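Right, one structure below, let's go through it.
Residue numbers (the working numbering): 3 to 174.
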């Protein structure tokens with residue numbers, strides 16, 4: 003008779019302390035305020051590294067490798083896009099509507115890139131994670147399904163939420 007090996011169960015363990023995190027949080031907050039938000043990208047990296055490095059599975063910690071300059075660039079692009087939308091809407095409501103529609107059309111691409119960035123910069127035992135989602139499916143779950151949900155007066159909202167989560171988890 004053939005026997006199957008027992009599966010090992012490894013709980014996820016968090017080793018961080020409230021006092022340590024409070025110190026990181028307060029410094030991040032003060033530096034973000036003093037730099038008018040610019041430091042927030044570095045603050046995010048420090049926060050993510052703290053949580054990842056204090057989360058253990060089977061005796062090993064996770065790690066976060068995000069580049070704060072890349073995060074800052076992404077945030078500056080987002081602020082620029084919102085400023086363009088605001089300026090267009092102020093200049094002409096129809097132009098604002100057109101720019102808003104364009105931003106909505108770009109959003110699934112940006113969300114896909116965000117998921118790819120986050121997982122690429124996460125690792126466990128030296129192995130980087132990856133997000134394999136495709137652009138076509140990103141447009142389906144982040145654009146078409148929310149529009150369908152809106153058109154059904156949000157009756158499809160739970161289904162839409164489930165599909166977004168399935169896209170995130172199945173492609174991680």
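Ideal placement from N, C-alpha and C gives every residue a C-beta, glycine not left out. The model shown is predicted, which means the values in this text are computed figures rather than measured ones.
Would the region 59-75 and the region 90-98 be scored as touching if the rule is three or more Cβ pairs under 8 Å?
In short, these stretches do not touch, since the Cβ pair count stays below three.
Give me the residue from 85, 142 and 66 with the minimum Cα distance to residue 167.
The candidate whose alpha carbon is nearest that of residue 167 is 142.
Is it true that the region 100-117 meets the region 135-152, where meeting means three or more beta-carbon pairs spaced less than 8 Å apart?
Short answer: they touch.
So residue 114 is in the alpha helix (DSSP H); what residue range does that whole segment cover?
From DSSP, the alpha helix (DSSP H) with residue 114 extends over 95-122.
Taking only runs that begin and end inside the region 61-92, name each unbroken beta strand (DSSP E) of 3 or more residues, in chain order.
The region 61-92 contains these whole beta strand (DSSP E) runs: 62-66.
Decide if residue 71 is buried, meaning its Cβ has at least 16 other Cβ atoms within 10 Å, or exposed.
Under this definition residue 71 is an exposed residue.
Take every Cβ of the region 118-127, pair it with every Cβ of the region 50-66, and state whether three or more of those distances are shorter than 8 Å.
At 8 Å Cβ cutoff, the stretches touch.
If we count the other Cβ atoms within 10 Å of its Cβ and call it buried at 16 or more, is residue 169 buried or exposed?
Classification for residue 169: buried.
Bridge partners for residue 14 per DSSP, in chain order?
Residue 14 pairs with 59.
Per DSSP, which one or two residues make a beta bridge with residue 126?
Residue 126 is bridged to 64 and 129.
My assumption, with CB atoms under 8 Å, is that residue 23 sits in contact with residue 34. Please give the rounded CB distance.
The Cβ separation is near 16 Å, so there is no contact.
How many angstroms separate the CA atom of residue 60 from the CA atom of residue 6?
So the two alpha carbons sit approximately 21 Å from each other.
For residue 33, does the three-state DSSP call read helix, strand or coil?
Residue state, collapsed to three classes: helix.
On a CA-only basis, which of 69, 26 and 14 is nearest residue 119? Give me that one, please.
The shortest Cα separation from residue 119 among 69, 26 and 14 belongs to 69.
According to the Cβ coordinates, are residue 144 and residue 109 closer than 8 Å?
Taking 8 Å as the Cβ cut-off, residue 144 and residue 109 qualify as a contacting pair.
With 16 other CB atoms within 10 Å as the buried threshold, where does residue 90 fall?
Burial call: buried.
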